[in-house]
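One structure is given here, and the rest of the page talks about it.
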Ligand code: A3P
């Protein structure tokens, strides 16, 4: 039994929202041939990738009247975030959506014409980020220590987990030409190159000026400044005080939260669990 307030859908722990929505989207949701999905294990850089993709489609422009990022690139499965699913019928193509599902639980009506971007992050940083996410959002009703959460993460008792199963499901598909895999750490190393890669994958020609503008607007500090990308409304309404959604945005923060012994035990366990997944971080 998990001590975190999750729901369960098809043998997977999920966010505590309506699981009938997950099932309906998976079985019946009518995709368009040019719909794009950004998918990830939570806390791997989803919001960051959403910002890059929406800016690529807007030519790097943000208007005062633009809604928050999660309304531009909605999460179909989440009945709290998107109470009225029919609003997506009015979106212009190409529509972009977010998903936290393993590959086999994406909407069944997607085909090889749908482009899918999968973003990953090293396991220890993901676990730390997910701890602050879970502790911070009141809906999880979770007040335990980070050591406790890392134990849950290692046991696979966290939402959309286990982490290694999620990554494995996407790894098996990653050679498909309609899938682009991004790594959080590579995005940190060279954001402009990531913008270029994503634009190329989406067949969106960009000038150098566009790339520079999109890169600048996708940095952690730019996104934290804009309440529509910092998710200020979530901070105010749904999170504990002092626990912002846009937390730190760094690679290697795990070292501030793992003892050397815990890091060793984690690495040993994950070497086995992740055998065959040859992505390097
Ligand atoms: P931290 O908790 O380590 O700060 P997701 O969007 O998948 O939930 O991932 C959230 C993580 O991505 C958080 O990590 C968040 O700070 C980080 N993040 C969001 N935007 C970012 C950006 N522009 N640059 C770097 N990290 C970013």
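In my numbering, the protein residues as written are -15 to 265.
Ideal Cβ placement from N, Cα and C applies to all residues, glycine included.
Comparing alpha-carbon positions, which option in 179, 192, 257 lies nearest residue 38? Per the C-alpha coordinates, the member of 179, 192, 257 positioned closest to residue 38 is 179.
Alpha carbon of residue 16 to alpha carbon of residue 81, nearest angstrom: C-alpha separation (whole angstroms): 12 Å.
Can you list, in chain order, the stretches of the beta strand (DSSP E) that have 3 or more residues and sit fully within the region 58 to 108? Scanning the region 58 to 108 for uninterrupted beta strand (DSSP E) segments of 3 residues or longer gives 80 to 83, 99 to 104, listed from N- to C-terminal end.
According to DSSP, simplified to helix, strand and coil, what is residue 167? Three-state DSSP puts residue 167 in a strand.
Nearest CA to the CA of residue -9: which residue from 142, 43, 255? The shortest C-alpha separation from residue -9 is found at 142.
In the DSSP assignment, the beta strand (DSSP E) including residue -9 goes from what residue to what residue? First-last of the beta strand (DSSP E) with residue -9: -9 to -7.
For residue 14, name the three-state secondary structure that DSSP assigns. In this structure, residue 14 counts as coil in the three-state DSSP scheme.
Taking the beta carbon of residue 211 as the centre, do at least 16 other beta carbons fall within 10 Å, making it buried, or is it exposed? Per the 10 Å Cβ criterion, exposed.
Please return the same chain residues whose Cβ sits closer than 6 Å to the Cβ of residue 2, not counting the five positions on each side in sequence. Excluding positions up to five away in sequence, the list reads 63.
State buried or exposed for residue 90, treating a residue as buried only when at least 16 other CB atoms are found within 10 Å of its CB. Counting the other CB atoms within 10 Å of its CB gives residue 90 a total of 16 or more, which places it among the buried residues.
Residue -15 to residue -3 span [Cα, whole Å]: With a pLDDT of only 48 at residue -15, under the threshold of 50, the placement of this residue in the model should not be trusted; the figure read from the coordinates follows. Cα atoms of residue -15 and residue -3: separation of roughly 11 Å, rounded to the nearest angstrom.
Through-space distance from residue 167 to residue 256, alpha-carbon basis: Whole-angstrom Cα-Cα distance: 21 Å.
Determine, using beta-carbon pairs with one atom in the region 192 to 211 and one in the region 29 to 43, whether at least three such pairs fall under 8 Å. Per the Cβ contact rule, the region 192 to 211 is in contact with the region 29 to 43 (3 or more Cβ pairs under 8 Å).
Just to confirm, does residue 118 get its C-beta within under 8 Å of one of the non-hydrogen atoms of the ligand A3P? No, the ligand A3P has no heavy atom inside 8 Å of this Cβ.
Taking 8 Å as the cut-off, does the CB of residue 83 come closer than this to any heavy atom belonging to the ligand A3P? No.
Is residue 100 buried or exposed, if buried means 16 or more other CB atoms sit within 10 Å of its CB? Per the 10 Å Cβ criterion, buried.
List the whole-angstrom C-beta distance separating residue 98 from residue 19, where the pair is believed to meet the contact cut-off of C-beta under 8 Å. For a cut-off of 8 Å, the C-beta gap from residue 98 to residue 19 is around 5 Å, short enough to register as a contact.
Is residue 86 near the ligand A3P, with its Cβ less than 8 Å from a heavy atom? Incorrect: residue 86 has no Cβ contact closer than 8 Å to the ligand A3P.
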